[in-house]
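Participant:
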Amino acid sequence: MQPFDDWMPARVAPAVQLTGDAAAAWMRTLGWEESRADGMRIAGDAARDSAFSLARVQHSPGRAEVVHEGPGLGVLLVAEGELRIDGADELVRGALLFPTPTRFTLESATPFAVVEIVYGAAHLGGFWMPLPEQPTVVGAETTTLQFLLPTAIAALESRPEPDAPSWPLLREMLATLIGGLVVEVGLSEGGLVRAAIEVIARDWEDADVDVPALAAELEVTVGELEAAFEATGRTAGGMLRAARAAGARAMLARRRWVTESDLEAVAELAGFTTAGDMLKAVGEEPERSL
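The numbering of the sequence shown is my numbering, which starts it at 46 and goes up by one.
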């Protein structure tokens, strides 16, 4: 044995291992309708609340229709194998980002393993950047996937409970990584807008960052920056404010009781000048749906 060969903890086996009709019934709880149950084998874990679900599935070769109702955002991460998705021009080996409601068919001629994460409208406020409007295939080489997939698997192996204090933190952590994935693959508009979003994602906590500072960082005029954002239906200032409001909302959610000094501290951490400005932004920035 070489040094550090055993530094990683042992993998935790999936909690559910089923075959046939029982396997198909469990998959229906995730929104998957199997084309046939004969010979079907699955192993998996799932945890969910009313507007957030996290699941992993090891699946025998087969075909299934995936259905999710209501506005939201989902990501299907491929841990093993490859998937063919109806309507996609390429095999999915990395991930599929998709808005909901949605209905699509996937199939694989070989065994495969996936992790599915779905956010409902109630939790979309954590995504301050524009979200995809159609299913998008993400390459397996995408950097953010190297963090997102093992993080999601580790979260499921910890057997999370929706009523546990750590549940909101888990949801926010995965939302941060998925937001990074959206930015990395360029779904939140191209060119100047994408560059601006990357700066906002990096510097939203800095109170000195405003629209002129953002334009200076990008070496454009304020007018050029606002013109680029015009096509998105939003403004650079509005995007920065939304990012800070989402950050403040997440920090406030971690506190069981909030004092006046807590509000001032969170406002400073979130890049707001005062607690009043922060509360106004948090109240006015909606929990965004698609």
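Positions of the beta carbon are idealized from the N, C-alpha and C atoms, including for glycine.
Applying the 10 Å Cβ sphere with the 16-neighbour rule, what's the burial state of Ala209?
Facilitator: Locating residue 209 in the sequence shown gives position 164, counting from the first residue. Exposed: under 16 other Cβ atoms inside 10 Å.
Participant: List in chain order: all unbroken alpha helix (DSSP H) runs of 4+ residues lying wholly within the segment 140-228.
Facilitator: Segments of the alpha helix (DSSP H) lying fully in the segment 140-228: 188-202.
Participant: For Ala197, count neighbouring C-beta atoms within 10 Å of its own C-beta (all shown protein chains included) and say buried if the count is 16 or more, exposed if not.
Facilitator: Locating residue 197 in the sequence shown gives position 152, where the first residue counts as 1. Ala197 is buried by the Cβ-count criterion.
Participant: Which first and last residues belong to the beta strand (DSSP E) in which Ser98 is found?
Facilitator: In the sequence shown, the residue the question calls residue 98 occupies position 53. From DSSP, the beta strand (DSSP E) with Ser98 extends over Phe97 to His104.
Participant: Find out if the Cβ-Cβ distance for the pair Val293, Glu309 is shorter than 8 Å.
Facilitator: The count along the sequence shown starts at 1 and reaches residue 293 at position 248. The count along the sequence shown starts at 1 and reaches residue 309 at position 264. A quick correction: the sequence has Ala, not Val, at residue 293. Contact flag unset, no.
Participant: Would you tell me roughly how many angstroms separate the C-alpha atoms of Thr147 and Val123, rounded to the nearest one?
Facilitator: Looking up residue 147 in the sequence shown gives position 102. Looking up residue 123 in the sequence shown gives position 78. One C-alpha to the other measures close to 18 Å.
Participant: Quick one: Cα of Ala167 to Cα of Pro116, how far?
Facilitator: By 1-based counting over the sequence shown, the position of residue 167 is 122. By 1-based counting over the sequence shown, the position of residue 116 is 71. Cα to Cα, Ala167 sits roughly 9 Å from Pro116.
Participant: Compute the Euclidean distance between the alpha carbons of Gly225 and Ile245, then round it to the nearest angstrom.
Facilitator: Looking up residue 225 in the sequence shown gives position 180. Looking up residue 245 in the sequence shown gives position 200. Computed Cα separation, rounded: 12 Å.
Participant: Nearest CA to the CA of Phe143: which residue from Val163, Glu127, Ala154 and Val159?
Facilitator: To locate residue 143, count along the sequence shown from 1; it is residue 98. Checked all of Val163, Glu127, Ala154 and Val159; the closest Cα to Phe143 is Val163.
Participant: Can you give me the C-alpha to C-alpha distance between Ser211 and Ser98, rounded to a whole angstrom?
Facilitator: On the sequence shown, position 166 is the one that residue 211 refers to. On the sequence shown, position 53 is the one that residue 98 refers to. Their backbone Cα atoms lie some 15 Å apart in a straight line.
Participant: Alpha carbon to alpha carbon, how far is Val311 from Met218?
Facilitator: Within the sequence shown, numbered from 1, the residue matching residue 311 stands at position 266. Within the sequence shown, numbered from 1, the residue matching residue 218 stands at position 173. Their Cα atoms are separated by approximately 18 Å.
Participant: Ordered along the chain, which non-local residues of its own chain (more than five positions away) have a Cβ less than 8 Å from that of Ala60?
Facilitator: The residue labelled residue 60 in the question sits at position 15 within the sequence shown. Hits under 8 Å: Gly89, Asp90 and Arg204.
Participant: To the nearest whole angstrom, what separates the beta carbons of Val182 and Glu135, a pair I think is in contact under 8 Å?
Facilitator: To locate residue 182, count along the sequence shown from 1; it is residue 137. To locate residue 135, count along the sequence shown from 1; it is residue 90. Their Cβ separation, rounded to whole angstroms, is 6 Å, which keeps Val182 and Glu135 in contact under 8 Å.
Participant: Given a cut-off of 8 Å, decide if Leu194 and Val160 are closer than it, judged by their beta-carbon atoms.
Facilitator: For this step, residue 160 is matched to residue 115 along the sequence shown. For this step, residue 194 is matched to residue 149 along the sequence shown. In contact: Val160 and Leu194 (Cβ atoms closer than 8 Å).
Participant: Rounded to whole angstroms, what's the CA-CA distance from Thr74 to Arg93? Just pull it up for me.
Facilitator: Position 29 of the sequence shown holds residue 74. Position 48 of the sequence shown holds residue 93. Arg93 has its alpha-carbon roughly 10 Å from the corresponding atom of Thr74.
Participant: Look at the alpha carbon of Gly126 and the alpha carbon of Ala258, and state the distance between them as a whole number of angstroms.
Facilitator: As a working mapping, residue 126 is identified with position 81 in the sequence shown. As a working mapping, residue 258 is identified with position 213 in the sequence shown. Cα-Cα distance, rounded: 45 Å.
Participant: Need the endpoints of the beta strand (DSSP E) that Gly119 sits in, please.
Facilitator: Within the sequence shown, residue 119 is the residue found at index 74, counting from 1. Its beta strand (DSSP E) spans residues Gly107 to Glu125.
Participant: Is it buried or exposed for Ser233, if we count other Cβ within 10 angstroms and need 16 for buried?
Facilitator: Residue 233 sits at position 188 when you count from the first residue of the sequence shown. Bear in mind that the predicted position of Ser233 carries a pLDDT of just 49, short of 50, making it too unreliable to give a figure here.
Participant: Per DSSP, Leu63 forms a beta bridge with which residues?
Facilitator: Mapped onto the sequence shown, residue 63 falls at position 18. Ile87, per the DSSP bridge assignment.
Participant: Out of Thr280, Thr187 and Arg216, point me to the one whose CA is closest to Leu201's CA.
Facilitator: Counting from 1 along the sequence shown, the entry for residue 201 is found at position 156. Comparing Cα positions, the closest option is Arg216.
Participant: According to DSSP, which residues form a beta bridge with Glu78?
Facilitator: The residue given as residue 78 occupies position 33 in the sequence shown. Glu78 pairs with Glu110.
Participant: DSSP three-state label for Arg138, please.
Facilitator: Locating residue 138 in the sequence shown gives position 93, counting from the first residue. Here Arg138 sits in coil by DSSP.
Participant: Enumerate in chain order the residues of its own chain whose CB-to-CB distance from Ala298 is below 6 Å, with the five nearest sequence positions on each side excluded.
Facilitator: Taking the sequence shown and counting its residues from 1, one reaches residue 298 at position 253. Closer than 6 Å at the Cβ level, and outside the excluded window around Ala298, lie Pro213.
Participant: Looking at the structure shown, is Asp253 part of a helix, part of a strand, or coil, going by DSSP?
Facilitator: If you number the sequence shown from 1, residue 253 lands on position 208. Here Asp253 sits in coil by DSSP.
Participant: Which value, in whole angstroms, describes the spacing of the CA atoms of Arg108 and Glu186?
Facilitator: Locating residue 108 in the sequence shown gives position 63, where the first residue counts as 1. Locating residue 186 in the sequence shown gives position 141, where the first residue counts as 1. C-alpha separation (whole angstroms): 25 Å.
Participant: Going by C-alpha distance, which of Val120, Gly165 and Gly119 is nearest Ala96?
Facilitator: Counting from 1 along the sequence shown, the entry for residue 96 is found at position 51. Of the listed residues, the one whose Cα sits closest to Ala96 is Gly165.
Participant: Could you give the C-beta distance for Phe172 and Leu121, rounded to a whole number, given that I count them as a contact under 8 Å?
Facilitator: If you number the sequence shown from 1, residue 172 lands on position 127. If you number the sequence shown from 1, residue 121 lands on position 76. Not quite, the Cβ-Cβ distance comes to about 17 Å (not below 8 Å), so this is no contact.
Participant: With C-beta atoms as the reference, is Ala68 less than 8 Å away from Ala82?
Facilitator: As a working mapping, residue 68 is identified with position 23 in the sequence shown. As a working mapping, residue 82 is identified with position 37 in the sequence shown. Between Ala68 and Ala82, the C-beta spacing is below 8 Å.
Participant: Below 8 Å on the Cβ atoms is my guess for Val256 versus Ala281; work out the distance and round it to an integer in Å.
Facilitator: If you number the sequence shown from 1, residue 256 lands on position 211. If you number the sequence shown from 1, residue 281 lands on position 236. Val256 to Ala281, Cβ: 5 Å. Contact.
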